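In this note's numbering, the protein residues as written are 25 to 562.
For each residue, glycine too, the CB sits at the ideal point set by N, CA and C.
It should be emphasised that the depicted structure is a prediction, and the values quoted were computed from it without experimental measurement.
Take a look at the structure below.
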């Protein structure tokens with residue numbers, strides 16, 4: 025049999041393994057002829073078959089693939105000097121060698137390509153740690169390493185923004201110096217072409233007749249030689265699906281006055297492998313930064329939600345002549361609905377429910393303004409229409425475009441006299457022993473019209489009567505068939521509940537709405553308040 029060897033570089037170090045059998049198994053299992061311990065390597069990852077002096081590499085259905093000279097293969101006849109990669113990381117590399125070029129150590133052991141592979145292993149470790157490094161630090165590390173190994177004079181990196189356009193990120197020179205935009209004239213066409221095609225571009229001399237006109241500004245500062253490689257990552261959902269699915273996130277550009285080593289084929293091939301690992305590290309840092317920012321936003325929203333809940337009164341009230349229960353369920357972390365009630369002394373109990381147009385933090389801020397103004401105005405007058413007129417004027421003093429609120433406000437005396445005004449809110453429902461009544465007297469929404477006028481009405485309540493106040497999140501709740509809950513279902517939900525405890529009626533109503541929705545996403549805040557009149561004070 026012809027003598028052939030694999031020059032192995034992995035976490036165990038460097039070694040030479042002789043291919044001394046017809047079938048040579050490579051994998052993670054202990055029985056493999058070449059055992060490589062890595063999560064990227066399958067138990068039986070690949071095999072090398074020797075037949076008639078020829079060596080053929082075959083992938084054995086590995087999870088993350090087998091690559092020869094950067095190309096994923098299922099079967100490939102090996103040639104002297106072929107570089108074999110197992111899985112996603114260049115930290116593991118096998119170099120195939122035959123008698124034609126015997127060596128006692130590693131191929132190119134002191135070459136720049138080996139240095140690049142070592143740096144790729146460092147970057148892979150950075151990725152594996154789930155790097156919390158900031159993006160600028162990773163970019164600087166990648167750029168300085170590439171310049172040092174290739175002996176290029178300058179380098180820069182461009183990354184794609186959310187719109188898919190390249191943005192300049194970092195420019196470095198020898199000695200880890202940062203270059204300003206005014207001193208860093210570069211080719212514009214080459215990076216854009218590499219980003220678009222995902223293919224490396226090498227320019228041996230910009231002074232060539234066909235290139236000179238396109239790169240005159242770069243030539244003017246003495247640059248002659250360019251090497252530009254794409255930064256590519258595999259989307260997480262497509263891991264192991266092949267290089268054709270890789271996404272280009274930017275470019276790594278190197279240039280100089282002298283060719284140095286960056287024009288060699290070995291350097292180019294290794295720089296491409298290095299760029300792949302660099303892209304993973306960069307993407308990890310970028311995702312970490314985005315995750316950190318999202319976590320900060322989520323934390324701020326949670327605090328805002330806690331503050332909003334603290335501004336609402338207790339969800340249950342038990343008075344001598346009436347009691348109530350209320351709940352507000354925002355469709356987002358914070359919502360634009362609110363409820364409130366307050367003791368008016370001899371005038372009884374004031375209570376209200378409001379709904380601000382929109383959702384999220386802007387709606388929540390306006391809801392606080394409406395709630396605060398109503399609480400301030402309610403004790404001044406025993407006329408609910410006058411109260412909401414004052415609230416409307418207060419909101420118009422600092423009006424926000426396209427922002428308004430609907431609100432119901434009522435006050436009930438100990439004798440059961442309910443005065444109310446409804447400013448564009450879903451009409452509340454009075455549940456009596458044998459009838460039901462909608463409370464619709466009022467006016468337009470709050471905070472929109474300076475000429476708005478409001479009217480109020482007074483209705484008597486008997487012991488056991490209920491007042492059901494809901495936001496439109498209840499009546500407009502939809503199921504998977506896109507049907508609305510509607511007022512008829514609201515009537516059915518509270519029918520026969522006369523005299524029941526408010527918390528029991530509220531719990532039943534919310535359960536009916538939830539059952540109707542059938543798991544459909546909540547599109548609006550759901551808020552409801554149930555008040556029960558017990559009777560005159562004894």
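Where residue 541 is concerned, there is no enclosing beta strand (DSSP E), although the alpha helix (DSSP H) around it starts and stops at 526-541.
One alpha carbon belongs to residue 488, the other to residue 311, and they sit about 58 Å apart. Classified as exposed, residue 342 has fewer than 16 neighbouring CB atoms from the shown chains inside 10 Å of its CB. When secondary structure is reduced to three states using DSSP, residue 292 falls in the helix class. Of 479, 475, 472, 470, the smallest CA-CA separation from residue 464 is found for 479.
In the DSSP assignment, the residues bridged to residue 256 are 272. According to the DSSP assignment, residue 401 belongs to the alpha helix (DSSP H) that extends over 384-401. A straight line joining the alpha-carbon of residue 351 with that of residue 339 spans about 6 Å.
Annotation for residue 214: the continuous alpha helix (DSSP H) segment containing it runs 213-221. Per DSSP, reduced to three states, the secondary structure at residue 172 is helical. At least 8 Å separates the beta-carbon of residue 380 from that of residue 366. For residue 517, the enclosing alpha helix (DSSP H) has its first and last residue at 510-518.
For residue 498, the uninterrupted alpha helix (DSSP H) segment begins and ends at 496-499.
At the C-beta level, residue 378 and residue 420 stay beyond 8 Å of one another.
Spanning the alpha carbons of residue 355 and residue 258 requires a straight line of approximately 35 Å. The closest CA to that of residue 346, considering only 62, 160, 53, 437, is found on 437. Going by DSSP, residue 415 is part of the alpha helix (DSSP H) stretching over 408-421. In this structure, the CA atom of residue 42 is about 33 Å from the CA atom of residue 304. One thing to note: residue 177 has its Cβ within 8 Å of the Cβ of residue 280. For residue 64, there is no enclosing beta strand (DSSP E), as DSSP marks it with neither H nor E. Spanning the alpha carbons of residue 554 and residue 533 requires a straight line of approximately 10 Å.
Annotated as proximal: residue 522 and residue 456, with beta-carbon spacing under 8 Å. Less than 8 Å separates the beta-carbon of residue 182 from that of residue 274. In the three-state DSSP reduction, residue 103 falls in the coil class, being neither helix nor strand. The DSSP-derived three-state label of residue 428 is coil.
The criterion of a C-beta distance shorter than 8 Å is not satisfied by residue 47 and residue 56. For residue 300 and residue 96, the gap between their C-alpha atoms comes out near 14 Å. Exclusion of the five residues before and after residue 216 leaves 190 as the residues of its chain whose Cβ lies within less than 8 Å of its Cβ.
Nearest C-alpha to residue 186 among 29, 451, 329, 314: 314.
Residues 540, 541, 542, 544 of the same chain have their beta carbon placed closer than 7 Å to that of residue 503, with the five preceding and five following residues left out of the count. Here residue 192 is exposed: its Cβ has fewer than 16 other Cβ atoms, across all protein chains shown, within 10 Å.
Counting C-beta pairs with one atom in each stretch, the stretch 404-415 and the stretch 314-331 have fewer than three that are closer than 8 Å, which means they do not touch. Between the alpha carbons of residue 558 and residue 486 lies a gap of roughly 8 Å.
A residue is called buried when at least 16 other Cβ atoms come within 10 angstroms of its Cβ; residue 27 does not meet this threshold and is exposed. Note on residue 61: under 16 other CB atoms within 10 angstroms of its CB, so exposed under the neighbour-count rule. Between residue 117 and residue 109, the C-beta spacing is below 8 Å.
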